[in-house]
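With the numbering used here, the residue at position 104 of the sequence shown is 139, and numbering never jumps. Glycine is no exception: its CB is placed at the ideal position from the N, C-alpha and C atoms. The structure displayed is predicted, hence computed values, not measured ones.
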Amino acid sequence: YPLESSELENIYQYKLDRGIVNLSSASFFLLRGSDRLLKEGKVAKAVEYAEYALLLAPAYPPVYFQLGKVYWTQNRLRLHSVFTGWFNSIRAVVRNYSFAVYVLTNQLLLLFIAFLLLIAVFALISLYKYSKLFFHELTHLLPFALPGHLYVLWGVFILVLPFFFHWSIFLIFFFWLILLFVYHAKREQLLITIFAFFFLASPFFIQLVSNLLVTSSSDRYYSLFQVNEDNWDRETEMQLTNWLEKNPTDIETLFALALIKKREGSYRAAQDYYQQILSIEPDHYRSLCNLGNVMIARKKPDLAIANYDRCISLDPENVRGYYNLSRAQLLEFMFKESNKSYKKAAEINPGEIDQFIKIYSENINRMVIDETVPVKIFWENTFKPSIEKARTSESLWNAFFRGLPYKYWYTVFIVFFFFVCLIYVDRYRSDLSLGCDYCGRAACKKCKTFVSEFNLCKQCAGIFKGNRNISISIKNKEEHVITIERFHTRHIIIGKILSFLLPGAGHNLLDKPVKGALILFSFFFICLKLFFMEGIIDNSWQMVTVSSFGGIFILSCILFSLYGYSIWDYTKVSGKLSQFLSLIRVTRKELQIQKNA
């Protein structure tokens with residue numbers, strides 16, 4: 036049965052009396068109830084549930100999405116409510132540490148994996164396009180001739196050599212790109228350079244993700260955040276107590292336990308914890324402010340005033356310090372001073388003071404406001420080095436780049452330096468093997484089979500550029516033109532298949548690498564988002580009540596639009612190649628006529 040308004044109000048007052056910032060557990064159940072009431076057609080009650088869910092947990096992101104939904108259901112003309120709810124939900128995620136660390140971890144992992152998949156596909160297409168040039172180049176490395184199939188075997192052995200060293204597949208893909216780098220066109224080399232920078236930054240990226248992973252799965256961080264921003268229980272207190280036994284000078288843990296004791300009414304225990312913090316760090320102004328609150332609870336407003344004064348001297352812009360000081364001065368009948376302190380607090384942050392006045396009562400957790408640990412401290416602790424984070428970094432590194440030990444991650448810089456040297460190799464000015472633009476055959480200056488003027492092999496230059504120095508019979512011309520036709524027909528067909536299977540991959544085959552890479556990366560990222568809709572890393576810190584069907588629908592629409600654009604653009608790009616293929620067919624027919632004549 037739906038809760039009455041008075042019952043909802045009692046839950047809200049209980050939250051305020053306990054000094055809880057966000058009662059997310061109760062908010063979660065109210066949101067579920069709101070969804071159920073919407074399905075039953077009880078819109079007004081659904082709105083009330085959602086509004087109280089917001090009062091109970093203003094930092095709980097799903098609340099805002101549900102509010103937008105119920106307001107829109109209440110009035111279908113208020114379409115902006117949905118977008119407002121969505122925007123406020125995202126803003127709440129950014130401000131809510133437990134959500135932000137989880138979302139950031141998952142998004143970074145999705146981007147990282149999508150980029151690795153892009154490199155993998157690009158490497159495989161490069162292998163298909165340029166392996167024959169690599170095999171041809173091997174024929175010039177030995178001082179003696181070998182049968183053609185032995186050169187192929189030698190090339191295959193070099194390409195698969197990393198498998199024998201148990202390298203990760205992504206490291207092997209990057210090895211292939213470096214090996215074939217000099218054969219790529221300029222735009223492709225630009226893209227591989229971007230991949231190289233990604234590889235260069237990967238140790239730092241792995242370390243960042245590891246810090247977030249350890250934090251998002253840490254019971255200690257969860258307990259600290261629960262006390263700081265959410266509700267807590269006896270298990271939370273026990274976890275913090277156990278941690279304190281191992282780390283007796285941990286200020287954040289002492290501060291959290293002090294908050295628990297004060298909110299529960301164990302004022303002497305809370306005072307001991309705060310004094311322990313001040314013995315470690317005498318200028319810890321947040322402890323001074325909260326110690327003043329404990330003194331008010333113990334009916335010692337004079338000592339409270341002394342603590343507030345010291346807190347304000349350390350942090351002159353402390354809103355809660357001034358506000359609490361005004362309350363303590365009222366208890367001491369210092370009306371003029373109290374009014375001055377209150378005005379100073381309102382001058383610093385009037386919005387926050389309005390909230391304090393709205394919840395004011397004689398309850399000690401509402402009469403004076405406790406300082407909590409700023410989110411900034413949580414983020415600073417997130418990126419502090421630790422043994423557990425180092426181990427996670429090594430495990431994550433081995434999962435993606437096995438074969439290159441993480442403890443020697445600086446060798447990445449050596450690999451990058453070697454790659455930079457390759458950038459200065461000009462494939463057109465050197466004697467490297469090149470592919471003929473028309474027939475795709477491997478040719479080079481060393482074999483004297485390449486005409487640099489046209490970037491064509493001698494046969495194609497003789498047929499299409501009228502090179503009179505090359506004598507080719509009609510029969511050989513016809514056979515060569517058929518080879519050209521097959522080469523480009525195969526390119527178009529394989530490109531279409533790739534575009535259907537992996538949008539953007541066909542562009543890479545037709546020398547549109549940058550556009551193809553952008554499409555392919557977007558495709559992989561959206562697919563990963565759909566597949567891991569709730570995130571790669573499971574987060575026990577949050578309770579999600581909002582259905583993901585809306586997100587699935589939006590992502591699916593984007594995916595189909597991207598898919599359609601990829602097919603359309605590939606057809607447009609391959610149009611020029613199709614026109615050239617038509618000319619080749621005309622040339623073949625002309626050669627057949629000449630042959631028959």
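Backbone secondary structure at LEU215 - three-state DSSP: As a position in the sequence shown, residue 215 is number 180, starting the count at 1. Reduced to three states, the DSSP call for LEU215 is coil.
Alpha carbon of THR606 to alpha carbon of LEU618, nearest angstrom: For the purposes of this step, residue 606 is identified with residue 571 of the sequence shown, where counting begins at 1. For the purposes of this step, residue 618 is identified with residue 583 of the sequence shown, where counting begins at 1. Rounded to the nearest angstrom, the two C-alpha atoms are 18 Å apart.
Residues sharing a beta bridge with VAL486, DSSP: Mapped onto the sequence shown, residue 486 falls at position 451. Its beta-bridge partners are LEU491.
Beta-carbon proximity check, GLN364 vs GLU372, cutoff 8 Å: For the purposes of this step, residue 364 is taken as the residue at position 329 of the sequence shown. For the purposes of this step, residue 372 is taken as the residue at position 337 of the sequence shown. Taking 8 Å as the Cβ cut-off, GLN364 and GLU372 qualify as a contacting pair.
Nearest neighbour of ILE519, chosen from PHE100, GLU44, GLY475, SER348 [CA to CA]: Looking up residue 519 in the sequence shown gives position 484. Measuring from the Cα of ILE519, the nearest candidate turns out to be GLY475.
Which of helix, strand or coil DSSP assigns to TYR120: Within the sequence shown, residue 120 is the residue found at index 85, counting from 1. Contrary to the premise, residue 120 reads as Gly rather than Tyr in this sequence. In the structure shown, GLY120 sits in a helix (DSSP, three-state: H, G or I).
Close Cβ partners of LEU323 (< 6 Å) along its chain, the five nearest in sequence each way excluded: Indexing the sequence shown from 1 puts residue 323 at position 288. Contacts found: ASN342, ARG345, CYS346.
Local Cβ density within 10 Å of CYS456, reported as buried at 16 or more and exposed below that: Position 421 of the sequence shown, counted from the first residue, corresponds to residue 456. CYS456 comes out exposed.
Beta-carbon proximity of PHE485 to LEU469, cut-off 8 Å: Position 450 of the sequence shown holds residue 485. Position 434 of the sequence shown holds residue 469. In contact: PHE485 and LEU469 (Cβ atoms closer than 8 Å).
Cβ distance (whole Å) where LEU537 is taken to contact LEU555 below 8 Å: The residue you call residue 537 lines up with position 502 of the sequence shown. The residue you call residue 555 lines up with position 520 of the sequence shown. That pair is a contact at about 6 Å.
Where THR250 sits in the DSSP three-state scheme: Residue 250 sits at position 215 when you count from the first residue of the sequence shown. Three-state DSSP puts THR250 in a helix.
Per-residue DSSP class, three states only, for LEU635: With the chain covering 36 to 632 only, the question about residue 635 has no answer from this structure.
Unbroken alpha helix (DSSP H) run spanning GLU272, endpoints: Working through the sequence shown from its first residue, we reach residue 272 at position 237. First-last of the alpha helix (DSSP H) with GLU272: 269-281.
The stretch 175-191 / the stretch 234-250 touching (three or more Cβ pairs under 8 Å): no
Any 3 or more C-beta pairs closer than 8 Å across the stretch 113-123 and the stretch 513-527: no
For LEU470, three-class secondary structure by DSSP: In the sequence shown, the residue the question calls residue 470 occupies position 435. In the sequence under discussion, the amino acid at residue 470 is Gly, which differs from the Leu named in the question. The answer is strand: DSSP assigns GLY470 an E or B state.
LEU185 versus PHE134 - alpha carbon distance: Mapped onto the sequence shown, residue 185 falls at position 150. Mapped onto the sequence shown, residue 134 falls at position 99. Whole-angstrom Cα-Cα distance: 58 Å.
CA-to-CA distance, LEU145 to GLY497, given in whole angstroms: Your numbering for residue 497 matches position 462 in the sequence shown. Your numbering for residue 145 matches position 110 in the sequence shown. Spanning the two alpha carbons is a distance of roughly 51 Å.
Integer Cβ distance of VAL128 from VAL138, believed to fall under 8 Å: To locate residue 128, count along the sequence shown from 1; it is residue 93. To locate residue 138, count along the sequence shown from 1; it is residue 103. Right, the Cβ-Cβ distance comes to about 6 Å (below 8 Å), so this counts as a contact.
Cα-Cα separation between LYS424 and GLN242, rounded to whole angstroms: Indexing the sequence shown from 1 puts residue 424 at position 389. Indexing the sequence shown from 1 puts residue 242 at position 207. Spanning the two alpha carbons is a distance of roughly 8 Å.
Own chain residues within Cβ distance below 7 Å of ILE392, not counting five before or after: As a working mapping, residue 392 is identified with position 357 in the sequence shown. So no residue of the chain qualifies.
Identity of the residues DSSP links to ALA477 by a beta bridge: The residue labelled residue 477 in the question sits at position 442 within the sequence shown. According to DSSP, which records beta bridges pairwise, ALA477 is partnered with GLY470.
Cβ separation of GLU223 and LEU467, assumed to be a contact under 8 Å, to the nearest whole Å: Here residue 223 refers to the residue found at position 188 of the sequence shown. Here residue 467 refers to the residue found at position 432 of the sequence shown. Between LEU467 and GLU223 the Cβ distance is about 15 Å, and since that is not below 8 Å, they are no contact.
Nearest candidate by alpha-carbon position, reference GLN627, set GLU513, ASP70, MET273: The sequence position of residue 627 within the sequence shown is 592, counting from 1. Of GLU513, ASP70, MET273, the residue nearest in Cα terms is GLU513.
C-beta atoms of ILE399 and ILE331 nearer than 8 Å: For the purposes of this step, residue 399 is taken as the residue at position 364 of the sequence shown. For the purposes of this step, residue 331 is taken as the residue at position 296 of the sequence shown. Against a cut-off of 8 Å, the Cβ pair of ILE331 and ILE399 comes out as a contact.
Residue environment, GLU42, which counts as buried when at least 16 other CB atoms sit within 10 Å: Position 7 of the sequence shown, counted from the start, is the residue given in the question as residue 42. Exposed.
Simplified DSSP state of THR174, which is helix, strand or coil: The residue given as residue 174 occupies position 139 in the sequence shown. DSSP places THR174 in coil when its eight states are reduced to three.
DSSP state of ASN400 mapped onto helix, strand, coil: Taking the first residue of the sequence shown as 1, we reach residue 400 at position 365. ASN400 falls in the helix class under three-state DSSP.
Span of the alpha helix (DSSP H), counted from its first residue to its last, around LEU553: The residue given as residue 553 occupies position 518 in the sequence shown. From DSSP, the alpha helix (DSSP H) with LEU553 extends over 548-566.
Own chain partners of TYR441 with C-beta closer than 6 Å, once the 5 adjacent residues on each side are dropped: Against the sequence shown, residue 441 aligns to sequence position 406. Closer than 6 Å at the Cβ level, and outside the excluded window around TYR441, lie GLU429, TRP432.
Beta-carbon spacing of ALA339, GLY356 below 8 Å: As a position in the sequence shown, residue 339 is number 304, starting the count at 1. As a position in the sequence shown, residue 356 is number 321, starting the count at 1. It is not a contact, given that the beta carbons lie outside the stated cut-off.
Closest by C-alpha distance to LEU194, when choosing among PHE209, ASN490, LYS104, LYS611: Numbered from its first residue, the sequence shown carries residue 194 at position 159. Out of PHE209, ASN490, LYS104, LYS611, PHE209 has the C-alpha closest to the C-alpha of LEU194.
Pairwise C-alpha distance: ILE227 and ALA552: Along the sequence shown, read from residue 1 onward, the residue named residue 552 stands at position 517. Along the sequence shown, read from residue 1 onward, the residue named residue 227 stands at position 192. For ALA552 and ILE227, the distance between alpha carbons rounds to 11 Å.
Closest Cα partner of GLY570 within the set VAL187, PHE100, SER251, LEU188: Residue numbering aside, residue 570 sits at position 535 when the sequence shown is read from its first letter. Of VAL187, PHE100, SER251, LEU188, the residue nearest in Cα terms is SER251.
Counted within 10 angstroms of its Cβ, other Cβ atoms place TYR443 as buried (16 or more) or exposed: Taking the first residue of the sequence shown as 1, we reach residue 443 at position 408. So TYR443 counts as exposed.
CB-CB length for ARG623 against ILE517, believed under 8 Å: For the purposes of this step, residue 623 is taken as residue 588 along the sequence shown, with counting starting at 1. For the purposes of this step, residue 517 is taken as residue 482 along the sequence shown, with counting starting at 1. Indeed, because the Cβ distance is near 6 Å, the residues count as touching under 8 Å.
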